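Remarks on the structure that follows.
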Amino acid sequence: MMDPVDTLLAMVLLSVLISFGSSRLPALIKVIAFQGVAVSIVPLFMGHEMTWGGIVFTLATLMIRGIGIPVYLSRAIKKVAIHREVEPVVGYHASLLAGLVLIVAAIYVSPKFNLPVGKGYILLLPSAITLIVAGMFLLMARRNAIAMVLGYIMMENGIYLVGTTFSMRAQHIVEFGILLDVLAGVMIMAIILQNIKKTFNDVNTTLLRTLKE
Amino acid sequence: MQSVVLLVSALLLAPLYSAMILKVKAFFGGKKGPPLLINYYTLIKLFKKGSVYSTSTTLIFKLGPLVSLCTAVMILLFLPIAGHPPLISFNGDIILVIYLMALARFFTIAAALDTASPFEGMGAAREAFFPIICEAALFMMLILFYILTGELNLAAYFAGAQPLGLWQSAGAPLLFVVLALFIVMLTENARVPVDDPATHLELTMIHEVMVLDHSGPDFAFIELGAFYKLFFYATLVARLLCPWTFDVPLLDLIFFFGVLCLVYMAIGVTESVMARYRMDKVPQFVLTSFALVFFATVITLEFIK
Amino acid sequence: MQPFFLSLLIISCGGILPLFLWRRPLLMRGAGATLIAAGSLLGLVDAARQLYAPVAVTATVDLLNTVPITFTSDSLSAFFLVAIFAVSGLTAVYSFHYMDKSDHAVRTAVHYLFFSLLIAAMALVVTADDMIAFLLCWEIMSLSSFFLVVYSYEKEQNRRAAFLYAVFSQVGAMFILAAFGVMYACTESFAFAGASGMPAAIKLLVFILAMVGFGSKAGLFPLHIWLPQAHPAAPSHISALMSGVMIKTGIYGIIRLYAILEWHAPVLGQIVLAAGLVSGVMGVIYALGQKDLKKVLAFSSVENVGIILIGMGVGMIGVSAGKPIMAVLGFAGGLLHVLNHALFKSLLFMGAGMVLHRTGTGVIDHLGGLIKRMPITGTTFLIGALAIPGLPPFNGFVSEFLIYIGAFNGIALGKTNFVLSLLAIVGMALIGGLALAAFTRVFGIVFQGEPRSPSAQAIEQGPTMLLPMIVAAAACVVIGVFPTAFLTMAIQAVEPLQLGYGRIPLTPFIQITATITRAAVVLFAVFLILLALRKLLYSGKTVTRSGTWGCGFTQPSARMQYTGSSYAASILAFFKPLVPIEEDHPPVIGRFPVKTHYQSRTRDIAEHQMDRLIVKPVLFLFDKLRWLQHGDIHLYIGYILLAIVVALFFV
Amino acid sequence: MVETIILIPLVAGILAFFLPRTSGRLLLVLTGAVHLVSSVLLWIYRPEALLNDYFAVTPEGLLSLIVISLLFFLIAIYTRSYLEAAEIHAEHVFAGSMLLFLGSMTLVTLSDHIMVMWIAIEATTLASAPLIYTHRSGASIEATWKYVLICSVGIALALLGSVLIALSMDIGNVDAPMSFSSLTQVAGRLDPLWLKTGFIFILVGYGTKMGLAPMHTWLPDAHSEAPSPASALLSGVLLNCAYLGIFKTNKIMHAAGLGDFSGTILMVFGLASIVAAATFILKQTEYKRLLAYSSIENMGIIAFGTGIGGLGAYGAMLCLIHHSLIKSSLFLCSGNILIGYASRAIEGTGQLAKRMPKTFVALFGGFAGISGFPPFGIFFGELFIIIAAFRAGHYGAVSIFILSICVIFAGFIKHIIRISFGPSPSTIRMEEQPTMIWPQYVLLVTSVVLCFWMPDTLYETIRLAVATIGGGI
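Written out as structure tokens, the structure is:
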């Protein structure tokens, strides 16, 4: 029988691949939003004991990740008329290939860690690893600043997955932390983005290479 | 007492011996040459005269002749003449002797530079250069003698039967030392082939050009100093060359002064048959003396083992 | 110990007080010079007293609650203190008039601060009794002397000199620190006392590391590069202080370490002797090739440090070979040369300072004939120039004589030591001859002949500048003629070296100095007799003055005089492989003489090779690495990923 | 009661956003003073925290706090005059951010819970970002962007590390609060594999913030673009805060018996930082970047010393304190120079000794201090670290350490000589007001005093702080 957790995680992995292949910012935002939602609800299906407070917290996270941030970013794009192209450093096909290799590698590596927790869920650890590395990949391989922010969010998703599923001990504080992080971080980044746009008339980060030795 | 008498006789005889060189050279040139007492005549003539000093000079110019004569007399005090113990002798006196000669050199050079003459400067530069190698060679000899005798004073090498002892322990290599000492003597005393006291072109002189501006008694002092210095070296060479002593004191004395005569004549012969080296060849020539002693030391070390 | 600290306090006051008096320059300089000189005098008396009644005195200060720092003064320290305080006092007096030209009142005041700090730091360095105290004072010494070097910072070359000095000081300090670190690793204690129990290999490592560190301060040959640059940059009394005593703290470090290690293996003596030989010979050759008066003196310091180390090396070999006479002669000769060099080098620097101060130039070939207008400077400089090549009857001869006799004792030893002793003797002979050439050159060109440029027409002024020179020159003669008392001091200073001889009997050594005194007296006697004779010969004679005989030239000009460069040229040519000379002159064209020029410059081979082998590759490597910070954020994030991945391999 | 001291600057910071433009200056000084007083009181009385799962007064935290407080107070005094001399957009944002920054840093020093610590450090990033962007130029926005993004990525990794430590508790079946103090007590039962992995993530994460190479890339940009008082804060105390995170985790590692492992990693990163700093200092063209790289070097030295442990850890603590004092003083001097010469380039300055003598004294004193000359405290810090490294037998590492320090010194003094004594442009646009000089002097004098005389309570606190990682003399 398909476990709901693994189903969700499979979709998360798929979203990683799609994000690697998508060339347009709005599409990318939507994919990441979906991913955020999916990751947020994974803990609900894990069978851990849930307090009401926890559920409320999870829901809040869900709202912010699924709706708050995507909307905010979309508006930012519209407001400052940012290019819709993600401007890759590494091409889409190559990225897709890299994504596939990454997922396979993560699945291959995961059992070696021999984690006692989350045993039943085959895809849990691979997804987490994939998300973190894929997030960094987007950070490194996309020139558009918004795409980089999205990469950062993807990375946070991965960490969220680790924090909320492997160890229940710190779940809420991790959730809270990540929420704060993503929220404040993204807001600050968005503000900076607007200023970048204002100053350079573009958010292509190749312009941001003047400070060097 | 004997030492004092010998010292006085050395002080008196040194000019005579130097005149012998002139005689030999004249002989080789087929000339009659000056009388043997020529140096005394010159000295007396100079003593009688007054002096002309260059306006560029200072007190140091006058100190030059004084110090060079002073040190020349000083080194004779340390010299064992005719195998007799010297007036002063102590452990390490030979180092003092070498440095006293350096002191004289310092003042000769300083006096030369005092005149602001480009020629004298040139001579001074050469005078500063060549003796450096001589000193190294002398110290090398000293090392060899020290190995042979374990002593560090002139008396231990040249007094009494000591030179014979040197020959007995070192053997043939000592010949190299005699040759080296001869070369050092020629260099230090401005003789051919290093320097030609009789040349007429100032550019090619070393010692003579440095004393161009001296005159009168000052110049006499310089000449006298030069005679003593040569006498010092010649004595050393003579003692090394003929180390034998006889039990009769008078015979010893005559034998020594005879050999000394031969050494001076050898200088005269060298001057007659050789030409002066080109200036840039001189260091190599002087270096030969160092190489000879070094070679002798190495052989002796093996020999002693 | 109390008078010692009191003297340091007075010296420090001499540094601090001028800071408040800078509006009144005369008062400021007076206060600074007087207090520093007074403090030095007190310190000198105290140190000398201690040498005659040697008792080790200790003072401890607690630092940072945990690290006690200790200062101990034994007779070795006291001997160095004598040299330090003597030169400090002289230079302090000298500074009063030397600094009068300066229109930077505040800068002069600050100069007094660092001047006093330098003296205090030096005095504390030689009394420091544990690693922390030593390094602390060592670094303060470096820092304060840096400021003194950079005093006239308006000139590019002075800034460069200060830069080089700072770098060499710091690198040297780091090597010393490394040596101490290795020691600490073995003994687990900051105290010097326990170091004798270390294994031999560790001792050797410590010694070599420290040798590099101390060598760079002492100006040992390949590490001397800063020295000829820094000395001309600093004010002359500072050069005198630095060259006279500051570089000796490096010597002190080496000899103190030798005492601490208590390791009498032949290898130490061989290292020290070899280093000394290289330094001595190379130093004097380069001294001969310099165009700047103070640079000549600086390179001559390199040479004299070499001679001192030859002495120490002879001593160490003597200890290892079980020849007490040779050991004591070597050490005592080396130590005495420390004092002697302090005296005549500071004398020469003060003389050079007078020349520089009055004429405004230190270029040898622009000067000439100064002794006529600067009789006292000229005469005292002459005494210094006679003392420095070791001519009798001056003090340089005494110490070299002792080292010679020590080295001759080594001739009878086995192979390696024999060769080294032989090299030491021949090397010292060579050094002596070359030094004579170098200093006849300096004295002859600068003080004699005719002025080569209009600026050389200056006259000497400033009684406080002349007095220290006279005192130093007198000291040179006194030590040269009556060395016994000073040799006794030096032998006292040898005792704390733990050579295992107990109290060293003085008689065999005093005999040597007594003969020197005798010979000197005879020399003076002969001299006086001849002087009387000369007087007699000249009585009633006509003495006239006229121009120099020009060998046919009727109108010789001052510019036609032999220059310092040509004086040295033939000797330098002999040593060509060691002293690369760069010449610049156009080839002769055509039959008739045209306007031409000639320039030559000696290039420091150590500087050149260090630049080629160390500086250039390091710069090249780091230049390439600079690419890392290229401004692209994508790669920056890649670095983080890389760091994680690499670090995970450690798990 | 501990929490009050966190709240004071936070409230003041929020207040500053709403107050009129220039009143922020006074507020800065006032808050600084109040904060300093409270820190001193905290030091003396050491009260228990209300939320003692999350907050605690630890010796290392106290050390950092007192340094932060002192620095902030002095920098606030300087800032008042600086804001008058330099034109700054949106001054209330600047003042508010400074105060919030102070609040978040206070939070770091007092937090005892892994996650709270992490949140606090993240908060420092967010609060300081506006400071870097103060000048509103292209370069400053670039610096801010890099700062925020790189640090966020780093901090995210630190979060992962914290989670992994939680994981190691689960695997080791340990039930304890996730505070550093309780973790240190139960460290022996934690799963070593995940603890090690967690440590690495935390080290890389906080190391990014602390400026360890190769994660240091944001640091020179941010420090050079921020206004000098902010740079002084960033370099003087923010780096310490990040170090605190690493230090506390390292304590757990030592308690778990993994001290060798964590020590080795710390030494590797420390050495990398020193070498990196050497690379960029040698041919630096801007003096603020020079100072920034010097901070990287010092962080490397501190990490290296911590990694060695023992005497080295004590040395690292000394370096930490004195680096804060001296480096902030240097950055304040750089502010004077920037105003005076209106150029960031080293070539644009010169003859500081003559033009701005008072600043020169502070600058050179700071330079001497940072290069490890007595009578400044870093001398002892470096001395102890090097000696400890020898004792621990890390001959290779200490050789690299010493050589790099030499290279750095050579580069540094070349630039300092150029600034202080080199040829200068003709006009200087600044008068040296006392308030822009005295804070530097006070900082330097503090360092000198602490070098020769350390109050027992301070020594005791340092000893307690490093005792767990085997530190002490």
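Sequences listed follow chains P, U, X and H, in order.
Residue numbers for the first sequence follow my numbering, beginning at 43 and rising by one.
Residue numbers for the second sequence follow my numbering, beginning at 624 and rising by one.
Residue numbers for the third sequence follow my numbering, beginning at 317 and rising by one.
Residue numbers for the fourth sequence follow my numbering, beginning at 460 and rising by one.
Just so it is clear, CB atoms sit at the ideal spot from N, CA and C, and this is done for glycine as well.
These numbers come from a predicted model, not from an experiment.
Residue of the options minimising C-alpha distance to residue i
i                      : options                       : result
residue 629 of chain H : P:104, P:157, P:199 and P:129 : P:157
residue 254 of chain P : H:691, H:740 and H:723        : H:740
residue 509 of chain X : X:910, X:445, X:825 and X:355 : X:445
residue 595 of chain H : H:785, H:547, H:515 and H:904 : H:547
residue 244 of chain P : H:583, H:777 and H:597        : H:597
residue 797 of chain X : X:769, X:836, X:804 and X:827 : X:836
Contacts around residue i, its chain only, beta-carbon distance under 7 Å, and the 5 residues preceding and following it disregarded
i                      : result
residue 440 of chain X : 387 and 453
residue 690 of chain U : 726, 727 and 730
residue 48 of chain P  : 163, 164 and 165
residue 860 of chain U : 801, 804, 805, 808 and 886
residue 647 of chain U : 888, 891, 892 and 895
residue 739 of chain X : 593
Residues near residue i by beta carbon distance below 8 Å, same chain, minus five either side
i                     : result
residue 82 of chain P : 100, 103, 104, 107, 108 and 202
residue 43 of chain P : Low per-residue confidence applies at residue 43 of chain P: pLDDT is 47, beneath 50, and the placement is therefore not dependable enough to give any value.
Amino acids of chain X, ordered along the chain, whose beta-carbon sits closer than 8 Å to that of residue i
i                      : result
residue 724 of chain H : 963 and 966
residue 865 of chain H : 483, 486, 487 and 490
Beta-carbon spacing of residue i, residue j below 8 Å
i                      : j                      : result
residue 845 of chain H : residue 860 of chain H : yes
residue 762 of chain U : residue 741 of chain X : yes
residue 956 of chain X : residue 723 of chain H : no
residue 875 of chain H : residue 817 of chain H : no
residue 805 of chain U : residue 909 of chain U : no
residue 905 of chain H : residue 784 of chain H : yes
residue 537 of chain X : residue 595 of chain X : yes
residue 894 of chain X : residue 921 of chain X : yes
residue 824 of chain X : residue 641 of chain X : yes
Amino acids of chain P, ordered along the chain, whose beta-carbon sits closer than 7 Å to that of residue i
i                      : result
residue 951 of chain H : One cannot answer for residue 951 of chain H here, as it falls past the ends of chain H, which runs 460 to 932.
Partners in chain H for residue i, counting only beta-carbon separations shorter than 7 Å
i                      : result
residue 226 of chain P : 585
residue 475 of chain X : 876, 880 and 881
Beta-carbon contacts of residue i that lie in its chain and below 6 Å, excluding the five residues immediately before and after
i                      : result
residue 989 of chain X : This structure gives no information on residue 989 of chain X, because the portion of chain X shown stretches from 317 to 967.
residue 422 of chain X : 338
Chain X residues whose Cβ lies nearer than 7 Å to that of residue i
i                      : result
residue 674 of chain H : 955, 956 and 959
Per-residue contacts from residue i into chain U (C-beta, under 7 Å)
i                      : result
residue 724 of chain X : 769 and 775
Interface partners of residue i on chain P, CB under 8 Å
i                      : result
residue 512 of chain H : Near residue 512 of chain H there are no residues of chain P at all, since even the closest Cβ is about 10 Å away, more than 8 Å.
Mind checking the region 936-962 of chain X against chain P and listing, in chain order, the residues whose C-beta falls within less than 7 Å of any C-beta there?
942, 945, 946, 947, 948, 949, 950, 953, 954 and 957
Closer than 8 Å between beta carbons: that is the criterion. Which residues of the region 553-568 of chain H meet it against chain X?
none
The region 739-754 of chain H: which residues have C-beta closer than 9 Å to a C-beta of chain P, in chain order?
739, 742, 743, 744 and 748
Contact residues within the region 598-620 of chain H, judged by C-beta distance below 7 Å to chain P
Here the close residues are 598, 600, 601, 602, 603, 604, 607, 608, 611, 612, 615, 618 and 619.
Listed from N- to C-terminal order along the chain, which residues in the region 571-585 of chain H have their beta-carbon within a distance smaller than 7 Å of any beta-carbon of chain P?
Under the 7 Å Cβ criterion, the region 571-585 of chain H contributes 574, 577, 578, 581 and 585.
Name, going along the chain, the residues of the region 754-768 of chain U whose beta-carbon falls closer than 7 Å to a beta-carbon of chain X.
754, 755, 758, 759, 762, 763 and 766
Output needed in chain order: residues of the region 762-773 of chain X with a Cβ under 7 Å from some Cβ in chain U.
764, 765 and 766
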